[in-house]
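Colleague: Protein chains in written order, with this note's numbering: chain A, -3 to 287; chain B, 32 to 306.
Built from N, CA and C at the ideal position, the CB exists for glycine as well.
My questions all concern the structure below.
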Ligand SMILES: Nc1ncnc2c1ncn2[C@@H]1O[C@H](COP(=O)(O)OP(=O)(O)OP(=O)(O)O)[C@@H](O)[C@H]1O
Ligand SMILES: [Mg+2]
């Protein structure tokens, strides 16, 4: 690039040419402009602040609805009542045990379904015969509503722990395996071919290329599936159980103990939210190379 | 350069089977050629004529419908580390840093010791000028550096032939020229046989010992140009501004322009006319 001298000296901007000297700085967009601009940018701090504001607004609306009795008390408890009830449940009614058993059920079923779905999904993406044999079946079962399977699991497995785990497993496995197969299929063909042209055998391509390449999206899908597990947990615990968060919610309903029902729901929300944030945080740390 | 027929492409044809609505396409029509050890071959031809397909057949990533390819006397049946491939798109692994990407090229070799692998990793890092960037993540280096990295990884696998499919296609003119010069140097020092696909006639002349000019689809060898007979075998950058270079470029461009028109006709006949 060549530097051009202004032939008119430094007389400032004429109507027909740029001014000489340093240009004035372009004003930074304000936070407001960034947040409201189409596909604007943001910082982590403002994001968190927005999240907090969102929650605060929800709380305010909720409190308002109760305070001005827009909704009768037995239908909607106030936030304070729910929190107080949650505290009582935790300290006096061994609600922690119920939370523990629910978390245990969710994670056990989730791990069992991941342990089967990950290898099977990868095999489906790798070998046409595996895919051909299993995909139609999985697609079929996937569309069966989980509640419809409750009677069968009870007939087969009784009302013990096994039937609940089986129900959760069925609710997640058939979705997860297809997601995993898709993750593996989306690994760029070039990556696989790089492997083969540096002498990797298929098993080595799977282990050293496909697995690390699909890992970020797989972790995301696992995180989402874990959330579904909680949905099915409530169904399982409502139908046949004498413990767990779902059981607490359902028995409270019988006596229209609205604060207790909402306390149970709140507990699930908090656990889900914290787990989700934790996995996201792990994701950000482990896959920093994506950014 | 002996004439020992290191790579033999023997009457290769390729037809892609009909698939859904698309009819079967004949992409390569009875192509034969002999490539000597250490030779730099350019595949030049109109877009969509089948250059990539032919190169992938040589690399064992695609199978021929008729004919065969012999590499050092043995029929090519599948990909392995003897046929190294540098892709047009960025093919380095983002979860590995620069030096580990180079090491990956040797990961599955059992013909050399671990110490030798480490020595070679450093050697190829140096060769492609990435010293100082060892621990950089792949998506923190420029496009030109990524292609150099891909070349280093491919060389590290110890291939007999280097297959390069428009490896500099995505780069700007300056980076491209810089890499062309480096590639000429690397090929001289490594004594590799190279097959290189490009659209760019100047790139072709600058790099090639021999240019194979293909017809529109299905690809047949139209013309074989021994570039050394026109501009000599030494290739400093300055060769690009010699009279002989211009003359050769113009004569090739004459042919490729006619081919481009022909290609359009084929597309129109094939019902693939633009909207
Ligand atoms: N897997 C495939 N199935 C069907 N047709 C294919 C397949 N791969 C390539 N083709 C067709 O074969 C023809 C040749 O493709 P190829 O990629 O070899 O051309 P090319 O000469 O490398 O083109 P370009 O210069 O644009 O890269 C194209 O018309 C393409 O549509
Ligand atoms: Mg191509």
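May I have all residues whose beta carbon comes closer than 5 Å to any heavy atom of ligand 1, sorted in chain order?
Modeller: Spelled out in chain order, the answer is 47(B), 58(B), 78(B), 79(B), 80(B), 81(B), 82(B), 83(B), 84(B).
Colleague: Kindly list, in the order they appear in chain A, the residues whose Cβ is closer than 7 Å to that of residue 92(B).
Modeller: Result: 189.
Colleague: Any idea which residues DSSP pairs residue 244(B) with across the strands?
Modeller: Answer is 75(B), 254(B), bridged to residue 244(B).
Colleague: Tell me, please, whether the CB atom of residue 36(B) is closer than 8 Å to any CB atom in chain A?
Modeller: False, the Cβ-Cβ gap to chain A never drops below 8 Å.
Colleague: Considering only heavy atoms of ligand 3, does any lie closer than 7 Å to the CB of residue 231(B)?
Modeller: Questions concerning ligand 3 fall outside what the structure shown contains, since the ligands it does hold are ligand 1 and ligand 2.
Colleague: Kindly indicate which three-state DSSP category residue 239(A) falls into: helix, strand or coil?
Modeller: If DSSP states are grouped into helix, strand and coil, residue 239(A) belongs with coil.
Colleague: Only counting runs of 4 or more residues, tell me where the alpha helix (DSSP H) segments fall wholly within the region -2 to 78 of chain A, in order along the chain.
Modeller: Those alpha helix (DSSP H) runs which fall completely within the region -2 to 78 of chain A and span 4+ residues are 27 to 32, 40 to 63.
Colleague: Hey, would you say the C-beta of residue 196(B) is under 7 Å away from at least one heavy atom of ligand 2?
Modeller: Correct: residue 196(B) has its Cβ closer than 7 Å to ligand 2.
Colleague: Can you tell me where the beta strand (DSSP E) with residue 41(B) in it begins and where it stops?
Modeller: Start and end: 38 to 47.
Colleague: Under 8 Å, with one C-beta from each stretch per pair, do the region 114 to 121 of chain B and the region 177 to 185 of chain B reach the 3-pair mark?
Modeller: The region 114 to 121 of chain B vs the region 177 to 185 of chain B: in contact.
Colleague: Step through the CB atoms of chain B and report whether any lies within less than 8 Å of the CB of residue 279(A).
Modeller: Judged by the 8 Å Cβ criterion, residue 279(A) is not in contact with chain B.
Colleague: Go ahead and label residue 42(A) buried or exposed: buried means 16 or more other beta carbons lie within 10 angstroms of its beta carbon, across all protein chains shown.
Modeller: Exposed, by the Cβ-count rule.
Colleague: What residues in its chain sit with their C-beta under 8 Å from that of residue -2(A), if we drop five residues either side in the sequence?
Modeller: Bear in mind that the predicted position of residue -2(A) carries a pLDDT of just 48, short of 50, making it too unreliable to give a figure here.
Colleague: At 3 residues or longer, and completely inside the region 63 to 132 of chain B: list those beta strand (DSSP E) runs for me, N to C.
Modeller: Counting only runs of 3 or more, we get 71 to 75, 97 to 102, 114 to 117.
Colleague: By the 9 Å beta-carbon criterion, what residues does the region 198 to 214 of chain A contribute toward chain B?
Modeller: From the region 198 to 214 of chain A, only 200, 204, 205, 208, 209, 211, 212 have a Cβ closer than 9 Å to chain B.
Colleague: Tell me which same chain residues have a C-beta within less than 6 Å of the C-beta of residue 74(A), skipping the five on either side of it?
Modeller: For residue 74(A), where only same-chain residues beyond five positions count, the Cβ hits under 6 Å are 62.
Colleague: For residue 120(A), return the contacting residues in chain E, with the cut-off set at a CB-CB distance below 8 Å.
Modeller: Included in the structure are the protein chains A and B, with no chain E among them.
Colleague: Nearest-angstrom Cα distance between residue 149(B) and residue 120(B)?
Modeller: Residue 149(B) and residue 120(B): Cα-Cα distance of roughly 27 Å.
Colleague: Is the beta carbon of residue 40(B) sitting closer than 8 Å to the one on residue 62(B)?
Modeller: Yes, the pair counts as a contact, with Cβ atoms nearer than the cut-off.
Colleague: Sorry if obvious, but does the Cβ on residue 228(B) come closer than 7 Å to a heavy atom of ligand 2?
Modeller: Yes; taking the cut-off as 7 Å, the Cβ of residue 228(B) has a heavy atom of ligand 2 nearer than that.
Colleague: Mind listing the chain A neighbours of residue 111(B)? Cutoff is C-beta to C-beta under 8 Å, in chain order.
Modeller: The contacting residues are 192, 193, 195.
Colleague: What does DSSP give as the partner residue(s) for residue 192(B) in the beta ladder?
Modeller: Paired residues: 114(B), 224(B).
Colleague: When the Cα atoms are used, what is the spatial distance from residue 150(A) to residue 186(A)?
Modeller: Those two C-alpha atoms are separated by around 48 Å.
Colleague: Taking the straight line between their C-alpha atoms, what separation do you get for residue 261(B) and residue 255(B)?
Modeller: Each residue's alpha carbon lies about 13 Å from the other.
Colleague: Are residue 130(B) and residue 156(B) touching if we call contact CB-CB under 8 Å?
Modeller: The answer is yes: Cβ separation under 8 Å.
Colleague: Using a beta-carbon distance below 8 Å, is residue 304(B) in contact with chain A?
Modeller: Unreliable placement is indicated for residue 304(B), whose pLDDT of 41 sits below 50; no coordinate value is reported for it.
Colleague: What whole-angstrom Cβ distance do residue 78(A) and residue 286(A) have, given they're in contact under 8 Å?
Modeller: Wrong, their Cβ atoms sit about 39 Å apart, outside the cutoff.
Colleague: My output table needs one value for residue 229(B): the three-state DSSP class, helix, strand or coil.
Modeller: It is a strand residue.
Colleague: In the structure shown, what three-state DSSP assignment does residue 59(B) receive?
Modeller: Reduced to three states, the DSSP call for residue 59(B) is strand.
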